[in-house]
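J.:
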Amino acid sequence: MLGKFHDKTAIEVDRTGGSCDGYVYFAWARFTGNTSSGFNSSVYLVRSTDHGATFSNPMKLSQTVHDIQFPDISVTSNGHVYLTYRQFADVRSSQTQDAVMYQKSTDCARTFSQPSQITTFEPYDATDLLDSGGLTGGCGDFDSHCQSGYTFFRRSTQVRSTADQLDAGNENIYIVYDPSKPGTEVPSGTTYGSVVSGDLPVKYHQNIGSQSAVYFVRLNGATGAHSAPALLDSQAVGHQLFPDISADGGVLHAIWWDSRLDGNYSPQRPVGNGPGGVTGPALDVFATSSTNAGASWTTATRVTDVSSNPNYEQFSGRTVPFAGDYLWVTSLGNFAFTVWTDWRNTRPGTDLRETAEDEDATSADVWQCRTPTASGGFTGDTCPRAGGLDQNIYGDRAP
Numbered sequence: 002m003l004g005k006f007h008d009k010t011a012i013e014v015d016r017t018g019g020s021c022d023g024y025v026y027f028a029w030a031r032f033t034g035n036t037s038s039g040f041n042s043s044v045y046l047v048r049s050t051d052h053g054a055t056f057s058n059p060m061k062l063s064q065t066v067h068d069i070q071f072p073d074i075s076v077t078s079n080g081h082v083y084l085t086y087r088q089f090a091d092v093r094s095s096q097t098q099d100a101v102m103y104q105k106s107t108d109c110a111r112t113f114s115q116p117s118q119i120t121t122f123e124p125y126d127a128t129d130l131l132d133s134g135g136l137t138g139g140c141g142d143f144d145s146h147c148q149s150g151y152t153f154f155r156r157s158t159q160v161r162s163t164a165d166q167l168d169a170g171n172e173n174i175y176i177v178y179d180p181s182k183p184g185t186e187v188p189s190g191t192t193y194g195s196v197v198s199g200d201l202p203v204k205y206h207q208n209i210g211s212q213s214a215v216y217f218v219r220l221n222g223a224t225g226a227h228s229a230p231a232l233l234d235s236q237a238v239g240h241q242l243f244p245d246i247s248a249d250g251g252v253l254h255a256i257w258w259d260s261r262l263d264g265n266y267s268p269q270r271p272v273g274n275g276p277g278g279v280t281g282p283a284l285d286v287f288a289t290s291s292t293n294a295g296a297s298w299t300t301a302t303r304v305t306d307v308s309s310n311p312n313y314e315q316f317s318g319r320t321v322p323f324a325g326d327y328l329w330v331t332s333l334g335n336f337a338f339t340v341w342t343d344w345r346n347t348r349p350g351t352d353l354r355e356t357a358e359d360e361d362a363t364s365a366d367v368w369q370c371r372t373p374t375a376s377g378g379f380t381g382d383t384c385p386r387a388g389g390l391d392q393n394i395y396g397d398r399a400p
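For what it's worth, the working numbering labels the leading residue of the sequence shown as 2, then goes sequentially.
1) At a cut-off of 7 Å, would you count Tyr151 as near the ligand MG, judging by its Cβ distance to the nearest heavy atom?
2) Helix, strand or coil, according to DSSP, for Tyr178 in the structure here?
3) Going by alpha carbons, who is nearest to Gly278 out of Arg219, Asp359, Pro59, Leu242?
4) When the Cα of Arg354 is compared with those of Thr380, Thr339, Val330, Leu333, which residue comes out closest?
5) Excluding five sequence neighbours on each side, which residues of the same chain lie with their C-beta closer than 6 Å to the C-beta of Gly388?
6) Check each candidate in Ser145, Ile74, Asp168, Glu172 and name the one with the smallest Cα separation from Ala226.
7) Does DSSP put Ser145 in a helix, a strand or coil?
8) Do the CB positions of Thr121 and Asp91 come within less than 8 Å of each other?
9) Which residue wins for smallest C-alpha separation from Trp258, given the options Ser198, Ser145, Ala324, Ser317?
10) Between which two residues does the beta strand (DSSP E) holding His254 run?
11) Going by alpha carbons, who is nearest to Arg386 out of Thr17, Gln315, Pro322?
12) Out of Arg319, Gly334, Asp361, Tyr395, which one is the CA nearest neighbour of Cys370?
13) What are the start and end residues of the beta strand (DSSP E) that includes Tyr103?
14) Excluding five sequence neighbours on each side, which residues of the same chain lie with their C-beta closer than 8 Å to the C-beta of Gly190?
15) Along the chain, where does the beta strand (DSSP E) that runs through Pro244 open and close?
16) Assign Pro322 to one of two classes, buried (16 or more other C-beta atoms within 10 Å of its C-beta) or exposed (fewer than that).
17) With distances taken from CA atoms, which of Lys5, Ser309, Pro180 is nearest Val196?
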């Protein structure tokens with residue numbers, strides 16, 4: 002990746018009724034290349050004091066760290082602004098561990114504190130080796146085919162956070178993230194791995210799989226103290242990923258993707274892959290809630306009514322899967338609504354370009370229309386609206 006690339010956005014509005022009520026805060030990660038030492042990305046933030054009509058010049062918040070992503074913004078009832086993000090293990094800054102970090106502003110995002118660490122973790126970053134030997138975070142066909150034979154979408158541990166702007170008695174920030182679950186590490190038996198930052202150079206890659214799980218932390222912004230990381234829903238089976246959290250009126254709502262219903266689940270393999278590389282329906286959305294600031298949570302409930310296959314090769318010319326980067330939940334008191342990416346409407350098919358079918362045995366292929374050419378190749382897909390690309394956004398009320 003060369004040049005500059007902007008991604009991983011977050012937005013929040015001050016609704017406290019205080020001096021900065023109506024201010025809009027927007028943050029993102031800016032990537033400036035992938036080198037032999039790994040990725041370089043920074044977090045920037047702008048603010049609007051006129052309801053989004055104009056914004057300030059971008060402010061770089063990460064002066065002392067080199068690879069940070071997944072910013073999220075929270076505003077507490079006193080108008081303080083908190084930015085959380087993931088610090089990736091990084092060669093340049095000699096950062097040997099992945100971590101949940103935060104910065105705080107007490108002047109409506111004019112200035113921010115230096116970064117503070119909340120906790121470190123072992124990541125769950127899906128990684129593999131391409132046939133060419135390079136490192137990748139997503140596998141598919143042709144140039145994207147991996148030595149393991151698996152087909153899977155890009156995913157890495159992310160950090161999400163929120164605050165209850167109606168809670169005048171506390172300055173709590175509620176945080177969720179989806180790392181590897183300690184004690185579940187196991188040799189993958191292939192070139193697939195999950196326990197090392199996917200942003201590190203290929204020489205750091207390990208063929209070790211694990212189970213991913215969603216953890217919760219409560220940060221007291223006033224003191225900097227925080228609770229110990231705790232599992233939202235401890236399960237022996239299934240990967241948990243892409244969490245989100247919302248808080249309003251004393252009620253927390255958390256959601257995530259979950260593969261506990263996938264009969265092919267294994268900590269050795271990526272989501273939705275069987276032992277031979279065949280893919281199938283694997284992901285559901287689960288949700289839970291808390292009325293005591295996260296001290297306890299309700300029994301997790303399945304939100305989706307259909308499990309779907311996240312590994313359909315719908316991108317880069319029908320060669321790789323992609324699932325986006327987030328799920329989302331928003332709430333008003335006891336009411337919560339969540340949205341997610343869903344593949345129940347995807348029309349499966351066969352890719353004629355695969356003259357020798359690979360390990361997925363067409364289970365990841367989508368409907369496409371191609372014609373052989375005189376040169377021995379194939380035309381592009383002439384029926385892109387026939388269902389093969391029907392990756393849709395679904396939503397439902399969350400408990």
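In this text, a Cβ means the ideal position worked out from N, Cα and C, and glycines have one as well.
T.: So, to answer that:
1) With respect to the ligand MG, the structure shown offers nothing to examine, as it has no ligands at all.
2) In the sequence shown, counting from the first residue as 1, residue 178 sits at position 177. Note: Tyr178 maps to strand in three-state DSSP.
3) Counted from its first residue, the sequence shown places residue 278 at position 277. Closest by alpha carbon: Asp359.
4) Sequence index remark: in the sequence shown, residue 354 carries index 353 (1-based). Out of Thr380, Thr339, Val330, Leu333, Thr380 has the C-alpha closest to the C-alpha of Arg354.
5) Residue numbering aside, residue 388 sits at position 387 when the sequence shown is read from its first letter. Here the set comprises Arg348, Trp368.
6) Taking the sequence shown and counting its residues from 1, the one referred to as residue 226 is at position 225. Out of Ser145, Ile74, Asp168, Glu172, Glu172 has the C-alpha closest to the C-alpha of Ala226.
7) The count along the sequence shown starts at 1 and reaches residue 145 at position 144. Helix, per DSSP.
8) As a position in the sequence shown, residue 121 is number 120, starting the count at 1. As a position in the sequence shown, residue 91 is number 90, starting the count at 1. Not a contact, by the Cβ cut-off of 8 Å.
9) In the sequence shown, counting from the first residue as 1, residue 258 sits at position 257. Selection Ser198, Ser145, Ala324, Ser317 evaluated against Trp258 yields Ala324 as nearest (Cα-Cα).
10) In the sequence shown, counting from the first residue as 1, residue 254 sits at position 253. Under the DSSP assignment, His254 falls in the beta strand (DSSP E) whose first and last residues are 252 to 259.
11) As a position in the sequence shown, residue 386 is number 385, starting the count at 1. Of Thr17, Gln315, Pro322, the residue nearest in Cα terms is Gln315.
12) Locating residue 370 in the sequence shown gives position 369, where the first residue counts as 1. The closest CA to that of Cys370, considering only Arg319, Gly334, Asp361, Tyr395, is found on Arg319.
13) The sequence position of residue 103 within the sequence shown is 102, counting from 1. Start and end: 99 to 106.
14) Working through the sequence shown from its first residue, we reach residue 190 at position 189. If we look at Gly190 and ignore the five residues flanking it on each side, its Cβ neighbours are Asn208, Gln269.
15) Here residue 244 refers to the residue found at position 243 of the sequence shown. Start and end: 241 to 249.
16) Start at 1 with the first residue of the sequence shown, and residue 322 comes out as number 321. With 16 or more Cβ atoms within 10 Å of its Cβ, Pro322 is classed as buried.
17) Here the question's residue 196 lines up with position 195 in the sequence shown. Comparing C-alpha distances from Val196 to each of Lys5, Ser309, Pro180 shows the shortest one belongs to Pro180.
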